Structure formats: structure tokens, C-alpha cells
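All remarks here apply to the structure that follows.
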Amino acid sequence: MYDGGKIIAGLIVFLGIVGFPFWYNAGSAGYKTPELKLPPKSKATECIEATEWMRAEHMQLLNTWRDSVVREGNLEYTTASGSHVEMSLQKSCMDCHDSKKDFCDKCHTAAAVEPYCWDCHIAPKEEK
Amino acid sequence: MAWNVKPEELLQYDYKVPQKNWMDVPPEFKPGTWCYPAKPEILEYLNKATKGDFPHIREWVPTDVDWKLPEDWRERIKKGFRERLDKYRSFKVFMDVCVRCGACADKCHFYIGGGDPKNMPVLRAELLRSIYRGEFTLAGKILGRLAGARKLEEDVVKEWFLYFYQCTECRRCSLFCPYGIDTAEITMMARELLHLVGCNINWILEPASNSNRTGNHMGIQPHAYYGMMEFMCDDIEEITGVKVNCPVNEKGHEVLFITPSGDIFADPGTYTYMGYLMLFHEIGLDYTWSTYASEGGNFGLFTSDRMMKKLNAKMYAEAKRLGVKYIIGGECGHMWRVLNQYMDTMNGPADFLETPVSPITGTRFESAAGTSMIHITEFTSDLMKHGKLKLDPSRNDDKIVTFHDSCNPARAMGLLDEPRYVIQNVCNNFVEMPEDTIREKTFCCAGGSGLNTDEFMEMRMRGGIGRGNALRHVQQKNGVNTLATICAIDRATLPPLANYWAPGVEVYGVHELVANALVMTGEKPREVDLRQEPLPGME
Amino acid sequence: MNALYSLFAVFALVVIALVGAGAAGMEQLFGLYIPWLAIAVFLVGFVAKVIGWAKSPVPFRIPTTAGQMKSHDWIRHDKYDNPATAGQTFVRMALEVLLFRSLFRNLTAQRFGSAQDGVDVKIRYASAKWLWLFALIFHYSFLVVFIRHWRLFLDPVPSALLALEYADTFLQIGAPALYMSGAALALGVSLLLLRRFVVPQVRYISQPADYFPLFLILGVALSGILMRYWAKTDIMAVKEVTMALFSLNPAVHIEGIGVVFFVHVFLVSCLIAYLPFSKLMHMGGVFLSPTRNLPNDSRARYHRNPWNDPNVKAHSYAAYEDEFREKMIEAGLPVEKTLEEAAKTEAQ
Numbered sequence: 000m001y002d003g004g005k006i007i008a009g010l011i012v013f014l015g016i017v018g019f020p021f022w023y024n025a026g027s028a029g030y031k032t033p034e035l036k037l038p039p040k041s042k043a044t045e046c047i048e049a050t051e052w053m054r055a056e057h058m059q060l061l062n063t064w065r066d067s068v069v070r071e072g073n074l075e076y077t078t079a080s081g082s083h084v085e086m087s088l089q090k091s092c093m094d095c096h097d098s099k100k101d102f103c104d105k106c107h108t109a110a111a112v113e114p115y116c117w118d119c120h121i122a123p124k125e126e127k
Numbered sequence: 000m001a002w003n004v005k006p007e008e009l010l011q012y013d014y015k016v017p018q019k020n021w022m023d024v025p026p027e028f029k030p031g032t033w034c035y036p037a038k039p040e041i042l043e044y045l046n047k048a049t050k051g052d053f054p055h056i057r058e059w060v061p062t063d064v065d066w067k068l069p070e071d072w073r074e075r076i077k078k079g080f081r082e083r084l085d086k087y088r089s090f091k092v093f094m095d096v097c098v099r100c101g102a103c104a105d106k107c108h109f110y111i112g113g114g115d116p117k118n119m120p121v122l123r124a125e126l127l128r129s130i131y132r133g134e135f136t137l138a139g140k141i142l143g144r145l146a147g148a149r150k151l152e153e154d155v156v157k158e159w160f161l162y163f164y165q166c167t168e169c170r171r172c173s174l175f176c177p178y179g180i181d182t183a184e185i186t187m188m189a190r191e192l193l194h195l196v197g198c199n200i201n202w203i204l205e206p207a208s209n210s211n212r213t214g215n216h217m218g219i220q221p222h223a224y225y226g227m228m229e230f231m232c233d234d235i236e237e238i239t240g241v242k243v244n245c246p247v248n249e250k251g252h253e254v255l256f257i258t259p260s261g262d263i264f265a266d267p268g269t270y271t272y273m274g275y276l277m278l279f280h281e282i283g284l285d286y287t288w289s290t291y292a293s294e295g296g297n298f299g300l301f302t303s304d305r306m307m308k309k310l311n312a313k314m315y316a317e318a319k320r321l322g323v324k325y326i327i328g329g330e331c332g333h334m335w336r337v338l339n340q341y342m343d344t345m346n347g348p349a350d351f352l353e354t355p356v357s358p359i360t361g362t363r364f365e366s367a368a369g370t371s372m373i374h375i376t377e378f379t380s381d382l383m384k385h386g387k388l389k390l391d392p393s394r395n396d397d398k399i400v401t402f403h404d405s406c407n408p409a410r411a412m413g414l415l416d417e418p419r420y421v422i423q424n425v426c427n428n429f430v431e432m433p434e435d436t437i438r439e440k441t442f443c444c445a446g447g448s449g450l451n452t453d454e455f456m457e458m459r460m461r462g463g464i465g466r467g468n469a470l471r472h473v474q475q476k477n478g479v480n481t482l483a484t485i486c487a488i489d490r491a492t493l494p495p496l497a498n499y500w501a502p503g504v505e506v507y508g509v510h511e512l513v514a515n516a517l518v519m520t521g522e523k524p525r526e527v528d529l530r531q532e533p534l535p536g537m538e
Numbered sequence: 000m001n002a003l004y005s006l007f008a009v010f011a012l013v014v015i016a017l018v019g020a021g022a023a024g025m026e027q028l029f030g031l032y033i034p035w036l037a038i039a040v041f042l043v044g045f046v047a048k049v050i051g052w053a054k055s056p057v058p059f060r061i062p063t064t065a066g067q068m069k070s071h072d073w074i075r076h077d078k079y080d081n082p083a084t085a086g087q088t089f090v091r092m093a094l095e096v097l098l099f100r101s102l103f104r105n106l107t108a109q110r111f112g113s114a115q116d117g118v119d120v121k122i123r124y125a126s127a128k129w130l131w132l133f134a135l136i137f138h139y140s141f142l143v144v145f146i147r148h149w150r151l152f153l154d155p156v157p158s159a160l161l162a163l164e165y166a167d168t169f170l171q172i173g174a175p176a177l178y179m180s181g182a183a184l185a186l187g188v189s190l191l192l193l194r195r196f197v198v199p200q201v202r203y204i205s206q207p208a209d210y211f212p213l214f215l216i217l218g219v220a221l222s223g224i225l226m227r228y229w230a231k232t233d234i235m236a237v238k239e240v241t242m243a244l245f246s247l248n249p250a251v252h253i254e255g256i257g258v259v260f261f262v263h264v265f266l267v268s269c270l271i272a273y274l275p276f277s278k279l280m281h282m283g284g285v286f287l288s289p290t291r292n293l294p295n296d297s298r299a300r301y302h303r304n305p306w307n308d309p310n311v312k313a314h315s316y317a318a319y320e321d322e323f324r325e326k327m328i329e330a331g332l333p334v335e336k337t338l339e340e341a342a343k344t345e346a347q
């Protein structure tokens, strides 16, 4: 026979699953990329590398730093503009970007990324 | 002309594939690979009996260049194709979902034993699918061959005839298919389409026509049928000293018994037939045979759904006329596919019958509550389990027995352990063939679905290599000399197969073995078995 | 040849995306409108195909029984290979759909010895689970990859997806951390492709329609991997586009996204739009296969065939007896009518 009921039910389940993003987002306000809290101009005007490059490659950079520091004992990094900084997440990066919550987490949360930096590092205390 | 190719010659094949695309390889009609077309007089009778299901009757041979197809053959096939897509979800889904993974390829006995790539179930089905795409899908119409589509040409019809009559509808491939694509289903559709343009084979339609008129495939008329039964009763009396009862066409009994007519007609099936007579007499079953419904088999299954229904309808009609409570069915393969999967839907509901209850043990067969029809090994195994039979298995001690699962009881029913239980109760020496060749993975005898004809012998022996080789294996390893079956077609096809691939192994029906071991009330000391050969220790 | 046609077709699609979204700057078209069209074609096409199947009835119950049926109490019933009830059939289907039960059975038939061995030629059957394994790797990694992408389609991201992310990057190889599912998908597709190239019989049955989806999926996987690990693009800008896509918001302005993204999205669009018209519909078809999704209970319960033709009737007993009455009486078989009665009826 036809089993029409079962087939319709199956189709509904199927549409429910593959169309889930549509149902989940329905009615919610338009999505915007979260705004990052940048360091004040008084503190710094540029990062150690170009912003575009940092966006794409910061994770790779930090990985290289870790290997370099931990395995080779090499602590110095030469930036694009030729100055030298210490290869340190907490001492260099977070010197300017001082809030994990307002900087790192913004994008990481939106993109569901959980970097394992904080498996070892202790995040700086957030100012209330 | 007798076919006499030796195994050494037959084995000269390999699994190499042609360089050319399969669509460019034309069908070749070599002797021994195709069956003779249906005789016009047979078709005339059937066409009249079915009010037009067998049109375009003519004399023709597959080796002819011109098959004299009807003028409008393309339209007939297209229309028929469309109708069947609308009638069978199986057909529609199977036309769409095959991914050509090839899991089915080396499961077909004809491919294993012949190496023709078009005997890979996937390609066999593609013969039909390519036309489906070309005629019924947009992509196929636009992209043609790139979408796996092709045009409906006369060569396609020839190819269909060749390869859909090289499929025994055994369903071994469907067991391995991840989507359950059943080539039997596809072959049935293809054969129906071929009927529309007047292409069919005599070995199927003559039995179908006989069965319609005389009640059985062999065309045995009632008086002759009864005469043959009386002969058997005489033989039984000679062997056992017991005169068994032989009720035929009698009203008012509890049970109607139906078995394939092949077993009354030819050895070794006749011994199985005698086995039934002896068993039923011994337990005092209140039953009758019928000459009107004297055929368990149903070659309509290999013809069309309408023919299958028409032939099958006799069983219930006769059960009703004779006023029985339920039906017991004998040892037969495709008969049980029809009974288990089609009968009640086609000709039921059988509300004039009752749920079968064994009068000897009181067992209720709930699994047959709808059709009211049970398999003889379900019935006999129940008798044995309850200790209702006096058996002397040592009478079969000269036999080292193995069991061949017939395709249909295995893969369209799941009747696997009942016959084994019966055999093990009546034979002391039982061994199994290798596990990948038995039970649900069993190999076909290569003569099923109406292909058990002599002109097809080469393909039968090729296709028989799976079963034959497994048999040879246990023959050498365990000294097996007896192949037990529960199928009348097997009893006709396996003796030549065994003779060819495992010479020295004899074919037996399960109830012949039962009858040999059955100790009957009032019997004389038995010296010979049902074949009138000395029992062990009596030589 | 069939493989080359398909490879060429996938290359052509890549070029279309490169030229369209890259050189010609049609980012809105390739980032939003084509995907929307593809999703619409996919959903409508898929549902239409399934409804098309559903319109044809299942006239007969034809399960392929793969084990012992339900019989006497003392015979072990193979419940999930030969189900007798709806519940058992559900388990059988679950095993089929989730674990590819039938493919797990796969065997290979091998012939040993030469033709001269005659009847002593050996045919052996060996377990061949490679195809099952490849298929399992491929399908499950694809499923994980698909669901994982929802992190870009949903906001806020549900915690279940975070867990999936965590599991998928568990090995913490490289930065960004390697997705095992992505690697497994590329591996699975490659293995399935390789099989079609290497095994002569499989090559013989393979059509362009078999290679095309494999190449296409490989293209999708490689462009995705490329985008994550090498030709990196701004993931936050990407999420803005994908969120617009799944919120049906055409107002978003697309800029600053690498062209690989558009190649990736275009290939995916082609794949899903192609799916309902291809063999990939086995995804829906496997649920509707009458040899698997029915219990083996047609002797116990009546099933109706909607097109059963009541005009197809047996050759009647009356006609049978009329033809053979004399012989039956002579042989001593019971008859319904004596010769006199029959003659009387005929005279009337």
C-alpha cells in the first residue's frame, strides 16, 4: 500500500533537520559581526603585523611563537615594521589587547572556536 | 543435440571486461544461452484464457535478424513501462537509486560461472534503467549517454530477452544491495514488457498454459494423475507392506495438500511424493489431494502478476469447494514465494479458512493465520519436536547428507531451520556446505524462474558452479553423497548439476528421507528404501 | 573517458565561480542568490521526488529475508534480519541506514586454479568489507562536516555544536586545529574514486553520473580545506554572509572575502541542486525500499493491493470438470455432477 502518513512524517523530519538553520534564525534580528574593543590610540596605533594578516594568521603566529619559545628558547620576534617584541601572548599581545572578553572571545564565540591557549595560560583578570 | 561441453572447456572464461562501453556491445545469441520462444498454439490458448495478455503471436527465433516486432513496439513498451512505474513503488525506486557500487556484481551465479559483465545484476538492471532515463527523465533526454541514457532500439529488446531470461530471480544480489534493489523485481518487469511485444519463452508458458487447463504444469489429466498416485501406493505397499490411503478430490476433510506436479511425474521427486503419502497415512491426517489444484508451483510468477494470480487462485477456489479448514503446501521453492508474499494479497482474504492447527500436536500456526497455509516442514518439524513420529534414522546411514537451501524459501520467507531440524531427525550424518553458500546466502540451482530447460543447459551449468563447487567441497572433505532439497525444480535441476560439478552426489527430497526413516504401524521389516535399493546392512 | 568528462565538468564549475565571483565581481550572485536558488531546487526537488515515489503503491510485501523467519517457539527467530513486526522492521531499517548492514555482508567470489582442474576448480568466498568501510568513512565524515558548518549558520551557536567542534579537533594538530572529519571526507571520497579507477569491473559499470558527484564532493572538500588552512579568508566576514543566507536577508554587503569561498559555495550549490535529479537520491530511496522496510508477515496478516484486478479469475472447477468429467468418473474420482446431470445442464 502507500504508507503516505509515514512518508509525509519522514519528509517533515527531513525538512526539519536540513532546514534547521532557517527555522533557528527565523524572526531573530539581523546578524552583525561583533565589534571588537580595540586598544586606545594612546596605547598603540598599529599591531605587530597588518590587521588583515593578523585576522587570518594570528593562530598560526601564536603557534609558531609557542614552539619557538618553548622548544628553541628564542624569545624575540621581528615585526613587519622592523621593531622587536617578545614572543609572549600575555606580555606582548595582551599588553594592548588587555581584555580576553572584549577582544578574543568576541569572534571566537561567534565562530564557535575554542582555542587551547587557555589550557595553559591564565587569562588576565577582567576589569569590571 | 545433446549438450556435452566438459567442465574443463566450460571453465575457459575470465572476468575481463570489454574495452568498449557496454552500450556498444551487441547481444549475442549463442546456443545454450537462450530458451526457445513460446509456440504459437500455446500463446493462442493463453491469449484467449487471459483475454489478450499475450498479443502479437508469430513464429520467430532469437537468432533471426528481424524479430518481427509489432509496428508500434516502441509505443507499447513505453506505455507499459509507464504503467508499471505507476503500479510498483519498488520498480520506480529501483530505477532511481542505484549508485552502481558493484556490491551485487559477483553475487550472481551466472556472472560467477560465466564472466559476462551483463550478468552482473547492476548491469542487468542498467539495461532497463538506461531506457528509463532516456524516456522518462529530463536529464536523460538532454544529456543522453552522459546521463547514462540510451535510445530504445531493437537491439535493446534483444538484449532484454537475452539477459532477463538469464536471471533466475533468485534474489541473492538483493541481499547484498545497500538499498535492497531486487533484480527479481526488475526482471519481472522486463519480462512483462517483453510479453507486450510478443517475446516470451515456451518453457514458462507451456507449463503455465497446462496449469491453467489441467491443474498442473505437466498437463496431467485427472484420471492419469490419480492413476499415478495409485501406482505409488502400490510401490509403497511393496516396500513397507502398508496400504496407504490416497484421498483425492474428496470433500469434508480438514486439510487440503498441494505440492508441485513435478514430483508426481519424475524421479527423484516421485519418492518425495511417496514420502508425503506415507507420512500423512501414518499420522492419520484427515486430508485430501486435488487434481484441479494439483500444482504447487506457479509459472505465472515468471510470466506476469496477472498470470500468477490466475493460476494461484485455484488453491483457494479448491479449498473452498472441498470445504477444508486449511492447506498444507509441499516442498517447492518459488511456490512458497507466491504463497508467502503474494497469495493472500492477490486472492485473499481467505476468511473461509481457519488458522492452521496441527491435529496431532495441537500447535497453532499463528504466523500463517492469514493465508491459512503452512509449509510441510513446519508441520513435520512440529510433529518431530513433539515426538509424534517413530523414526529409525539408521536407515539413512548410508547417506552423508547436506542441504541445499532453495532461493525462495530462503530469501522470500526465511524457512531455514525447519528443514534442517527434520533432516537431522531422520539422518545421522548431516554436514553443512560452506557458510557463504547456504541459508540466506544460498546459491541458485541456475534453473529457477522457468529456465530449467535443456536448451539452456550451458548457462545452467555455468550458473550451477556456485552450488556445484560447494557440493564438491563437502563431497571431498566429508564424503557427502546426498543433497537434500525442498524444491521440485531443484529435484529436476540439481541431478544434472551434481552429475556435472560433483559427480556421485544424489539428490533427495527431505520427505523422501523422512519416509525412509519413518517406522509405520504394521509395516513389514524394511529391506529397501523408497528407491527400491537395499537399506544399509541389507545389501 | 567517463571519469574525464566528469572531472572536466567540475573544473568548468570551478572556473565559472572563479570568473564570476572573482574577476567579474558578482559576489552577491555567487554568495547569496545562487545558493538560495540551489537550496530551493534541492528542497522542492527532493520532496517532489519522494512524493513521486510515494504515489506508486507497494502492491505486494516483498522483503528480502536475510535470516530465520518467526516460526516455532523453539526455533530461534532472526528478528532483525527477518522481522515479523513493525518494531523489528524499524531496527532492521536503522541497522541498514546507520550501519549499512547489507554492505557489511559483502563477499568476494574468487576462482582458484586453471580450467584444466575441471570439477576440482576452487571457488572461495572471502569477506570483503572494504566498500563498507569506505562508505562508512565517507558518509559519516560528510555528516559531521555538514553539521559542523552550522556554526556559521546559527547565532548564538548551540552548545552541542561546540561539543562537536571540540571532538572534531580533539587531536589539536596545527592551527587552526585540524578537523578530522574534513580529512576523513577527502580520504573517503578518494578511496571511493580510486575503487572506480582500479577495479576493472567497477570501472566498467561506472558512468559519468558516478564520477561527477565524487569529483564534485572532492572539490567541495578540497576548497574548504584550502580555505581553512592555506588561502585563509576572514571567517567573520564569511559568517556575515552565511547568516544572511539562512536569515533570508539580501541586504548584506559582501566584501573582503577570498574567491575560494565563492568557489566552495558554488560547488556546494551545484551539488545540492543536482542531488534530487541524481543517484544521490539513494539518501531518500533507502527508506522506501520494499525489500527492506516491510515485515515478513504476509502469511499472518492480509495486505491490500490497491490495483488488484478482481476480473482475473482462475479457470473454474466447473469448466475443468466439464472437460474431464467422463475420465474422472471412469477413474473413480468424485465429481460435482454426474454425466446425466451435466447433459441436462447443457441441454438447457
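Protein chains in written order, with numbering that gives the first Met the number 0: chain A, 0 to 127; chain B, 0 to 538; chain C, 0 to 347. The beta-carbon is built from N, C-alpha and C at its ideal position, and this holds for glycine as well. Since the structure is predicted, the reported quantities are computational estimates derived from the model, not experimental observations.
If you measure from the beta carbon of residue i to each beta carbon in chain A, is any gap under 8 Å?
{"i": "methionine 235 of chain C", "result": "yes"}
{"i": "lysine 312 of chain C", "result": "no"}
{"i": "methionine 25 of chain C", "result": "no"}
{"i": "tryptophan 149 of chain C", "result": "yes"}
Considering residue i, what are the terminal residues of the alpha helix (DSSP H) in which it resides?
{"i": "lysine 313 of chain B", "result": "304-321"}
{"i": "methionine 334 of chain B", "result": "333-336"}
{"i": "leucine 126 of chain B", "result": "120-135"}
{"i": "tyrosine 110 of chain B", "result": "108-113"}
For the beta strand (DSSP E) containing residue i, list its first residue and its last residue.
{"i": "leucine 390 of chain B", "result": "Run containing leucine 390 of chain B: none; DSSP gives neither H nor E here."}
{"i": "glycine 508 of chain B", "result": "505-508"}
{"i": "glutamate 85 of chain A", "result": "83-85"}
{"i": "phenylalanine 298 of chain B", "result": "Taken as a continuous stretch (DSSP letters only), phenylalanine 298 of chain B belongs to no beta strand (DSSP E), as it is neither H nor E."}
{"i": "threonine 520 of chain B", "result": "Unbroken run through threonine 520 of chain B: none, as it is neither H nor E."}
{"i": "alanine 483 of chain B", "result": "481-484"}
DSSP state of residue i, grouped into three classes?
{"i": "alanine 125 of chain C", "result": "strand"}
{"i": "phenylalanine 152 of chain C", "result": "coil"}
{"i": "alanine 108 of chain C", "result": "strand"}
{"i": "tyrosine 76 of chain A", "result": "strand"}
{"i": "arginine 202 of chain C", "result": "helix"}
Between residue i and chain C, is there a C-beta pair that is closer than 8 Å?
{"i": "isoleucine 6 of chain A", "result": "yes"}
{"i": "arginine 54 of chain A", "result": "yes"}
{"i": "threonine 32 of chain A", "result": "yes"}
{"i": "cysteine 106 of chain A", "result": "yes"}
{"i": "glycine 3 of chain A", "result": "yes"}
Kindly say whether residue i, judged by its beta-carbon, lies nearer than 8 Å to any beta-carbon of chain B.
{"i": "phenylalanine 261 of chain C", "result": "no"}
{"i": "tyrosine 139 of chain C", "result": "no"}
{"i": "alanine 20 of chain C", "result": "no"}
Assuming residue i and residue j form a contact by the criterion Cβ under 8 Å, report the distance between their Cβ atoms to the nearest whole angstrom.
{"i": "serine 297 of chain C", "j": "threonine 344 of chain B", "result": "7 Å"}
{"i": "isoleucine 363 of chain C", "j": "isoleucine 38 of chain C", "result": "Limits of chain C in this structure are 0 at one end and 347 at the other, which puts residue 363 of chain C out of reach."}
{"i": "arginine 471 of chain B", "j": "alanine 501 of chain B", "result": "4 Å"}
{"i": "methionine 188 of chain B", "j": "isoleucine 257 of chain B", "result": "Contact flag wrong, Cβ pair sits at about 28 Å."}
- Task: May I ask you to list, following chain order, the residues of the stretch 383-404 of chain B that have a beta carbon less than 8 Å from some beta carbon of chain C?
- Result: Listed in sequence order: Lys384.
- Closer than 8 Å, Cβ to Cβ, to anything on chain C: give me those residues from the stretch 74-104 of chain A, in chain order. Listed by position along the chain: nothing, the set is empty.
- Residues of the stretch 48-64 of chain C with a CB closer than 9 Å to any CB of chain A: list them in chain order, please. So the list reads Val49, Ile50, Trp52, Ala53, Lys54, Ser55, Pro56, Val57, Pro58, given in the order they occur along the chain.
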